[in-house]
Amino acid sequence: MNPVASLPRLRDLSPVDRGRIESITRAVGVFGDAEIPVALEVFDAAIAGSPDYAAVGAELDGELAGWICWGPTPCTAGTYDLYWIAVDPGAHGTGIGTALLTRMERRLAGCGRLIVVETAGRPAYAATRAFYEARGYRRVAVIPEFYAPGDDQVVYTKALSSG
Numbered sequence: 063m064n065p066v067a068s069l070p071r072l073r074d075l076s077p078v079d080r081g082r083i084e085s086i087t088r089a090v091g092v093f094g095d096a097e098i099p100v101a102l103e104v105f106d107a108a109i110a111g112s113p114d115y116a117a118v119g120a121e122l123d124g125e126l127a128g129w130i131c132w133g134p135t136p137c138t139a140g141t142y143d144l145y146w147i148a149v150d151p152g153a154h155g156t157g158i159g160t161a162l163l164t165r166m167e168r169r170l171a172g173c174g175r176l177i178v179v180e181t182a183g184r185p186a187y188a189a190t191r192a193f194y195e196a197r198g199y200r201r202v203a204v205i206p207e208f209y210a211p212g213d214d215q216v217v218y219t220k221a222l223s224s225g
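Taking this note's numbering, the leading residue of the sequence shown gets 63, the next gets one more, and so forth.
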């Protein structure tokens, strides 16, 4: 894959993408073995048409290089959780992550009020946190040692404009 050859093409995902979703998510290198099946579970639900999840993929040069999954937060009025976003490490810096995040935000603009992102506080996630902050997500909470000793949960939100 040549990440500078073209712009990302966003598209709906299908069952044939499952293997590539798994390989991208593993390749990121920060998700634990227990997290990969969870990512695949929400992917499966999204492509099966569950109202609880939506997912979009991004291709670069005809190859799936990233994906995003989100859904409504239960028992809230217009709040949505960003569950997963992963970009093949070979495609980092090509704009895929930003394109996926923007697509989610645009899809939610008419029905959503707030996007919530929960991520880890470990040093391995520093670039992830910087990514969200650079795109207007505001750090609103840190829960010390949430995931494990020494691994905080960092919560970001972004308000969606109503017009």
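All residues carry an ideal CB built from backbone N, CA and C; glycine is no exception.
query                                                                                                                             : result
Assuming A127 and V100 make a contact with CB atoms under 8 Å, what is their CB distance in whole Å?                              : Between V100 and A127 the Cβ distance is about 21 Å, and since that is not below 8 Å, they are no contact.
Can you say whether E121 is buried or exposed, counting buried as having 16 or more other CB atoms within 10 angstroms of its CB? : buried
What is the DSSP secondary structure of D106, reduced to helix, strand or coil?                                                   : helix
Just mark P113 as buried or exposed, buried being the case when its beta carbon has 16 or more other beta carbons within 10 Å.    : exposed
Give the DSSP-derived three-state secondary structure of F93 in the structure shown.                                              : coil
For Q215 and V179, what's the separation of their Cα atoms in angstroms?                                                          : 10 Å
Out of G152, A117, G174, state which residue places its alpha-carbon closest to the alpha-carbon of D79.                          : A117
For a test of the three-state rule: what should DSSP assign to Y194, helix, strand or coil?                                       : helix
Rounded to whole angstroms, what's the CA-CA distance from N64 to A89? Just pull it up for me.                                    : Low per-residue confidence applies at N64: pLDDT is 45, beneath 50, and the placement is therefore not dependable, though the value from the model is reported in the following sentence. Going from the Cα of N64 to the Cα of A89 covers about 17 Å.
According to the Cβ coordinates, are G140 and L176 closer than 8 Å?                                                               : yes
Can you tell which of R73, R71, Y145 has the C-alpha that lies nearest to the C-alpha of V104?                                    : Y145
Please report the distance separating the alpha-carbon of P70 from that of V92.                                                   : 23 Å
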